[in-house]
Ligand code: GRG
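This is the structure:
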């Protein structure tokens with residue numbers, strides 16, 4: 031299978047499983063919340079995080095089917111973060127994944143609940159994983175909770191809010207991004223390893239480095255796209271960082287240095303897998319993100 035065929039197969043599998051997990055309407059008067067959740071969750075998106083979960087499970091010789099609930103759970107958490115990040119009390123955005131944001135298409139209260147619903151459904155979905163030891167399932171739930179929580183993505187968002195209208199030191203920006211964006215990407219790598227039930231400590235350490243380097247490269251590219259991307263291709267508003275006077279990698283380092291850093295960090299991510307057999311997919315995936323336009 032080529033890289034593109036494998037990617038399409040993984041995305042297809044993830045989207046079918048997501049749709050199944052989020053289709054539990056009862057017809058008892060609250061189906062609008064399922065509508066709002068599916069509006070955001072089934073709106074496309076690159077599915078990068080769940081694809082990485084399946085890819086690491088494959089790399090470690092595990093059964094991808096068993097990793098699928100964790101892949102879906104991670105994508106649910108990611109989608110919740112996007113819905114809440116777009117709210118008027120946060121970024122107040124109108125466009126996401128090429129559509130009006132959840133609170134624009136529905137209303138603010140429904141969007142808050144849709145985010146809450148997705149976050150909760152993520153843990154229900156992970157806990158319902160089958161065919162793995164209880165210890166593995168618990169380990170995966172812990173990885174998800176830690177990455178999404180206050181010492182992870184939420185902490186990063188708090189730092190992010192404090193990074194508006196002031197110039198922050200590069201080290202603070204690195205911490206902010208490693209929490210806000212890096213934690214979920216690193217969790218994707220860890221979940222794939224854990225769900226394989228076959229990864230040794232060296233493999234897990236390599237996967238963590240891959241996630242950290244790729245996460246930082248991904249965020250720097252995101253910052254670059256906020257400056258020179260195209261809203262129609264990106265499916266989200268551009269120019270937000272400048273408007274909010276936010277410290278970003280391009281604002282601190284300049285665009286050229288950022289482009290070089292994305293390439294350097296991607297090489298380092300790929301290098302971390304040097305000892306692994308059959309790393310072609312994760313290698314191509316990393317390089318495919320270097321010049322991404324969405
Ligand atoms: C609780 C009100 C409230 C808010 C919390 C958790 C949170 C808000 C924000 C999380 C931070 C966040 C949204 C980080 C963005 C990371 C990022 C680069 C997202 C874009 O990811 P892509 O490009 O998106 O993978 P797609 O749409 O392709 O899935």
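Numbering (my numbering), first residue to last: 31 to 324. No residue lacks a Cβ here, since even glycine has one placed at the ideal position from N, Cα and C.
When you compare only the Cα positions, how much space is there between residue i and residue j?
{"i": "residue 213", "j": "residue 238", "result": "10 Å"}
{"i": "residue 200", "j": "residue 193", "result": "11 Å"}
{"i": "residue 113", "j": "residue 128", "result": "13 Å"}
{"i": "residue 48", "j": "residue 232", "result": "31 Å"}
{"i": "residue 261", "j": "residue 59", "result": "36 Å"}
{"i": "residue 173", "j": "residue 62", "result": "31 Å"}
{"i": "residue 224", "j": "residue 87", "result": "8 Å"}
{"i": "residue 31", "j": "residue 109", "result": "29 Å"}
{"i": "residue 182", "j": "residue 68", "result": "25 Å"}
{"i": "residue 283", "j": "residue 242", "result": "20 Å"}
{"i": "residue 236", "j": "residue 303", "result": "6 Å"}
{"i": "residue 143", "j": "residue 294", "result": "40 Å"}
{"i": "residue 149", "j": "residue 107", "result": "5 Å"}
{"i": "residue 229", "j": "residue 139", "result": "42 Å"}
{"i": "residue 71", "j": "residue 152", "result": "12 Å"}
{"i": "residue 35", "j": "residue 196", "result": "45 Å"}
{"i": "residue 198", "j": "residue 274", "result": "14 Å"}
{"i": "residue 136", "j": "residue 245", "result": "31 Å"}
{"i": "residue 288", "j": "residue 54", "result": "44 Å"}
{"i": "residue 76", "j": "residue 164", "result": "30 Å"}
{"i": "residue 33", "j": "residue 263", "result": "22 Å"}
{"i": "residue 65", "j": "residue 46", "result": "16 Å"}
{"i": "residue 215", "j": "residue 56", "result": "34 Å"}
{"i": "residue 226", "j": "residue 220", "result": "10 Å"}
{"i": "residue 308", "j": "residue 234", "result": "16 Å"}
Taking residue i as the reference, which of the options has the closest Cα?
{"i": "residue 104", "options": "170, 130, 139", "result": "170"}
{"i": "residue 126", "options": "73, 205, 242, 272", "result": "73"}
{"i": "residue 322", "options": "249, 274, 281, 163", "result": "249"}
{"i": "residue 167", "options": "175, 176, 156, 317", "result": "156"}
{"i": "residue 299", "options": "320, 285, 281", "result": "320"}
{"i": "residue 205", "options": "279, 174, 255, 263", "result": "279"}
{"i": "residue 118", "options": "262, 133, 271", "result": "133"}
{"i": "residue 130", "options": "317, 277, 187, 266", "result": "266"}
{"i": "residue 122", "options": "191, 181, 34, 209", "result": "191"}
{"i": "residue 98", "options": "84, 305, 253, 216", "result": "84"}
{"i": "residue 297", "options": "307, 209, 313", "result": "313"}
{"i": "residue 43", "options": "64, 96, 57, 91", "result": "96"}
{"i": "residue 285", "options": "309, 263, 257, 50", "result": "257"}
{"i": "residue 254", "options": "244, 271, 240", "result": "271"}
{"i": "residue 207", "options": "145, 311, 185", "result": "185"}
{"i": "residue 116", "options": "33, 89, 187", "result": "187"}
{"i": "residue 218", "options": "102, 66, 33", "result": "102"}
{"i": "residue 175", "options": "189, 316, 100", "result": "100"}
{"i": "residue 276", "options": "309, 189, 308", "result": "189"}
{"i": "residue 147", "options": "202, 52, 40, 301", "result": "52"}
{"i": "residue 80", "options": "91, 41, 281, 111", "result": "41"}
Provide the residue span of the alpha helix (DSSP H) that contains residue i, from first to last.
{"i": "residue 253", "result": "231–258"}
{"i": "residue 69", "result": "61–71"}
{"i": "residue 55", "result": "That residue, residue 55, is in no alpha helix (DSSP H); it is neither H nor E in DSSP."}
{"i": "residue 226", "result": "213–226"}
{"i": "residue 147", "result": "138–157"}
{"i": "residue 201", "result": "200–207"}
{"i": "residue 191", "result": "183–191"}
{"i": "residue 312", "result": "310–318"}
{"i": "residue 163", "result": "Looking at the DSSP string, residue 163 is not in any alpha helix (DSSP H), and its letter there is neither H nor E."}
{"i": "residue 114", "result": "94–115"}
{"i": "residue 79", "result": "78–89"}
Put residue i into one of helix, strand or coil per three-state DSSP.
{"i": "residue 303", "result": "coil"}
{"i": "residue 130", "result": "strand"}
{"i": "residue 37", "result": "helix"}
{"i": "residue 125", "result": "strand"}
{"i": "residue 45", "result": "helix"}
At 4 residues or longer, what runs of the alpha helix (DSSP H) sit wholly inside the segment 261–291?
261–264, 270–273, 279–283
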